[in-house]
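If you read the sequence shown in the numbering used here, its first letter stands for residue 55, the second for the next number, and so on.
We put the CB at the ideal spot given by N, CA and C, even for glycine.
Here is the structure we will look at.
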Amino acid sequence: MSTPSSSIESVLVENRVFEPSAATVASARISGMPAYEALCAEAAKDPQAFWARLARENLGWHKPFTQVLDDSQKPFYKWFADGQINASWNCLDRHIGTPVENKTAIVFEADDGAVTRVTYKELLARVSQFANTLKAMGVQQGDRVVIYMPMTIEGVVAMQACARIGATHSVVFGGFSAKALQERIQDAGAVAVITANYQMRGGKELPLKAIVDEGIAMGGCESIKKVIVFQRTPTACNMVAGRDVLWHEAIAGQSTECAPTFVGAEHPLFVLYTSGSTGKPKGVQHSTGGYLLWARLTMLWTFDLKPEDVFWCTADIGWITGHTYVAYGPLAAGATQVVFEGVPTYPNAGRFWQMIEKHKVTIFYTAPTAIRSLIKAAEGDEKVHPKNWNLDSLRLLGSVGEPINPEAWMWYHRHVGHERCPIVDTFWQTETGGHMITPLPGATPLVPGSCTLPLPGIEAAIVDEQGNDVPNGSGGILVVKKPWPSMIRTIWGDPERFKKSYFPEELKGYYLAGDGAVRSADRGYFRITGRIDDVLNVSGHRMGTMEIESALVAKTDLVAEAAVVGRPDDLTGEAIVAFVVLKRARPTGDEAKALAKELRDWVGKEIGPIAKPKDIRFGDNLPKTRSGKIMRRLLRAIAKGEAITQDVSTLENPAILEQLAQNN
Ligand code: PRX
Numbered sequence: 055m056s057t058p059s060s061s062i063e064s065v066l067v068e069n070r071v072f073e074p075s076a077a078t079v080a081s082a083r084i085s086g087m088p089a090y091e092a093l094c095a096e097a098a099k100d101p102q103a104f105w106a107r108l109a110r111e112n113l114g115w116h117k118p119f120t121q122v123l124d125d126s127q128k129p130f131y132k133w134f135a136d137g138q139i140n141a142s143w144n145c146l147d148r149h150i151g152t153p154v155e156n157k158t159a160i161v162f163e164a165d166d167g168a169v170t171r172v173t174y175k176e177l178l179a180r181v182s183q184f185a186n187t188l189k190a191m192g193v194q195q196g197d198r199v200v201i202y203m204p205m206t207i208e209g210v211v212a213m214q215a216c217a218r219i220g221a222t223h224s225v226v227f228g229g230f231s232a233k234a235l236q237e238r239i240q241d242a243g244a245v246a247v248i249t250a251n252y253q254m255r256g257g258k259e260l261p262l263k264a265i266v267d268e269g270i271a272m273g274g275c276e277s278i279k280k281v282i283v284f285q286r287t288p289t290a291c292n293m294v295a296g297r298d299v300l301w302h303e304a305i306a307g308q309s310t311e312c313a314p315t316f317v318g319a320e321h322p323l324f325v326l327y328t329s330g331s332t333g334k335p336k337g338v339q340h341s342t343g344g345y346l347l348w349a350r351l352t353m354l355w356t357f358d359l360k361p362e363d364v365f366w367c368t369a370d371i372g373w374i375t376g377h378t379y380v381a382y383g384p385l386a387a388g389a390t391q392v393v394f395e396g397v398p399t400y401p402n403a404g405r406f407w408q409m410i411e412k413h414k415v416t417i418f419y420t421a422p423t424a425i426r427s428l429i430k431a432a433e434g435d436e437k438v439h440p441k442n443w444n445l446d447s448l449r450l451l452g453s454v455g456e457p458i459n460p461e462a463w464m465w466y467h468r469h470v471g472h473e474r475c476p477i478v479d480t481f482w483q484t485e486t487g488g489h490m491i492t493p494l495p496g497a498t499p500l501v502p503g504s505c506t507l508p509l510p511g512i513e514a515a516i517v518d519e520q521g522n523d524v525p526n527g528s529g530g531i532l533v534v535k536k537p538w539p540s541m542i543r544t545i546w547g548d549p550e551r552f553k554k555s556y557f558p559e560e561l562k563g564y565y566l567a568g569d570g571a572v573r574s575a576d577r578g579y580f581r582i583t584g585r586i587d588d589v590l591n592v593s594g595h596r597m598g599t600m601e602i603e604s605a606l607v608a609k610t611d612l613v614a615e616a617a618v619v620g621r622p623d624d625l626t627g628e629a630i631v632a633f634v635v636l637k638r639a640r641p642t643g644d645e646a647k648a649l650a651k652e653l654r655d656w657v658g659k660e661i662g663p664i665a666k667p668k669d670i671r672f673g674d675n676l677p678k679t680r681s682g683k684i685m686r687r688l689l690r691a692i693a694k695g696e697a698i699t700q701d702v703s704t705l706e707n708p709a710i711l712e713q714l715a716q717n718n
């Protein structure tokens, strides 16, 4: 862990402020800064009473909780632990008998533009029927089920059905490789995989089931008893007799009614793997009660959801954003939401704008990377500029996953929001379950590039390496001082790693986010300055440098040593740069190009295409200290193309710097 350098001061020149309009304030649930401050004061005065009130008002409990926070085994905090609840009941059944039951829950738009709608009542029937199917196959409460699905209604149904019967799901993003899938199946000890034969993305039919077969065949997946295959396209796929069943055949004859299994509030709703600073991804374990409370409440607070809204979060269900703001939050809040199968650039880069017009989307939530790539496309081709579509339905925009640069913020504000829609720049993480630091549309004055202020009840702060507060204007380490209901409960199967990663001793028991941040001198607004550990953020996706290094050195016939660092990239935020020492002479020219391609493809196979290094440089060696430690700060400077001005006196082999700085 290192404190970010003070050069962050230079990015703090942003002083444009956008106040919410009087009309937005007047209609908002949290109306104006005094209302926000009142909630913060309520939370500060008596946190337990605050959270208890919200949990009672926002969730339906089968058995009410009597205990709010149990901190007797910190940092293994428990919330509402003696309460009993079901997440699927809270997303579906609770709306039955209310005006929401016949409201559209999901507007699904397929890659080819075909649209399917389901109401809450229909979704409940589909979830119940699939839940019965899982039960009939022997899936029980507490079992883990891996979901490797495209963006489809069935993907959401699969997650909700697991929740309904108390099985813990672990969704693996459909872009991950067979190896990555195998590791997650093994780590979770999953009993079943729910997948599709293929997925459609950008007009291409891409295999999913074949990857499941390959992953399971790699071994160590004996826990898997069943593979359920949703037939997304007519193309047949391999089916293993006795193990594999087609979704539509499996559900036939199953009842569309299924009583939810009520579980303790701490029951693990899901485990979602994310990258950390070691080679092995961490299974972030979330609870049922605390998680769901925050999923619903942030829909109401951050997005100020109204009954007539059409909400669209573009994230895939394979990431936390797709869990909280596709599979759970919108349903728990009774929203109509758009679920999109495809990619923003197919059939052209106007797809998002076209879909906003077509479905009259009112709240649009996407990642800065998508915005930046659509800016580039619109600047290159007038025909895909958002001005070609009617975006008048929009009332609120959101950003998530990485810092949004002020230029992209301004473009989003002007060309998508028509200077009318507030932008909520939501800072949060897989581990936090939901939004942490974000503007509230009817209260917070906006500053481009700043996620502004913590939500009520979230004690975010910036500290030094001993956990002492730093003054506004100076950079430091982002922490959360008090537990909150939707926080990570543990790392699946590795409580020690959980403690070490998130609650290091020197930080006074605070939750360590892993990001650097700075608060503005005037308003105390937070600005995230990037990760302070060995985690990269590439197109809003978290990648561990060690994970990529492990993948590279796993190519044992070729690679002797590898070091991976990030470099700023205009489009993807950060780009992956790998420095590689081969077991043979350092290649140059065409040989270097061919080997770089081979290694890139290898990493794609080991982890997934998102982990492929953009730049691979070969060296005779890596810059190391005399004790053999790789000097990553030098590699970071080389990757950026900077002149080395740092102290290199501890370097064993200074000549290597020049060699690595040259492009191969
Ligand atoms: O570095 C921060 C960045 O994304 C990390 C969390 O990644 P992940 O767990 O994959 O979750 C992404 C979706 C919530 C954080 O540690 N990050 C996320 N949102 C923002 C952000 N950085 C700056 N501004 C944000 N709004």
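By the C-beta density criterion, GLY673 is buried, having at least 16 other C-beta atoms within 10 angstroms. Per DSSP, the beta bridge partners of ILE630 are GLY620. A heavy atom of the ligand PRX is found nearer than 6 Å to the CB of THR484. Remark: the shortest separation between the CB of GLY330 and any heavy atom of the ligand PRX does not fall under 6 Å.
Under the three-state reduction of DSSP, LEU146 is assigned to coil, being neither helix nor strand.
Rounded to the nearest whole angstrom, the C-alpha separation of VAL415 and GLY471 is 12 Å. Annotated as proximal: THR484 and LEU326, with beta-carbon spacing under 7 Å. Set against 6 Å, the gap from the CB of ILE582 to the closest heavy atom of the ligand PRX is smaller. Two segments are said to touch when three or more pairs of C-beta atoms, one from each, lie closer than 8 Å; by this definition the region 591-606 touches the region 654-671. With respect to VAL619, LEU689 sits close: the two C-beta atoms are nearer than 7 Å. Not one heavy atom of the ligand PRX lies closer than 6 Å to the C-beta of THR356. Secondary structure note for CYS291: it is in no beta strand (DSSP E), with a DSSP letter that is neither H nor E. Checking the 6 Å criterion, the Cβ of THR120 is out of range of every heavy atom belonging to the ligand PRX. Rounded to whole angstroms, the Cβ separation of PRO493 and GLU68 is 14 Å, and the two are not in contact under 8 Å.
Within the same chain, Cβ atoms closer than 7 Å to the Cβ of ASP136 are found at PHE119, THR120, GLN121, the five residues on either side in sequence being excluded. Residue pairing from DSSP leaves GLY333 without any beta-bridge partner.
With fewer than 16 other Cβ atoms from the protein chains shown falling within 10 Å of its own Cβ, GLY307 counts as exposed. Per DSSP, LEU711 is one residue of the alpha helix (DSSP H) stretching across 709-715. For the set ALA190, ALA387, PHE324, GLY372, the Cα lying nearest the Cα of PRO153 is the one of ALA387. In the three-state DSSP reduction, CYS94 falls in the helix class (H, G or I). Apart from the 5 residues on each side of it in sequence, LEU606 sits with its Cβ closer than 7 Å to the Cβ of VAL613, ALA616, ALA632, VAL634, LEU653, VAL657 in its chain, given in chain order. Taking 6 Å as the cut-off, one finds at least one heavy atom of the ligand PRX near enough to the beta carbon of CYS505.
THR704 has no beta-bridge partner at all, per DSSP. At a cut-off of 6 Å, the beta-carbon of VAL454 counts as near the ligand PRX: some heavy atom of the ligand is closer than that. From the listed residues GLY568, ASP446, GLY114, LEU113, the smallest Cα separation to ARG474 is found for ASP446. Its chain contains GLY662, PRO663, ILE664 as the residues whose beta carbon lies nearer than 7 Å to that of GLY229, once the 5 sequence neighbours on both sides are disregarded; these appear in chain order. Within the DSSP secondary-structure output, ILE201 pairs in a beta bridge with VAL225, ILE248. In the DSSP secondary-structure assignment, ASP479 is bridged to SER453. With a cutoff of 7 Å on beta-carbon distance, THR310 and ALA179 are scored as near each other. Looking at the DSSP output, LEU636 sits in a beta bridge with VAL613.
Across the set ILE491, ALA431, THR480, the C-alpha of ALA431 shows the shortest separation from the C-alpha of TRP465. CA-to-CA, the gap between LYS99 and GLU696 works out to about 50 Å.
Counting only residues of its own chain and dropping the five nearest sequence neighbours on each side, THR342 has a CB closer than 8 Å to the CB of ILE139, ASN140, ALA141, ALA217, VAL317, GLY318, ALA319, GLU320, HIS321, PRO322, LEU323. Its chain contains PRO101, GLU513 as the residues whose beta carbon lies nearer than 7 Å to that of LYS536, once the 5 sequence neighbours on both sides are disregarded; these appear in chain order.
Proximity of the beta carbon of ASP569 to the ligand PRX is indicated: a heavy atom of the ligand is located closer than 6 Å.
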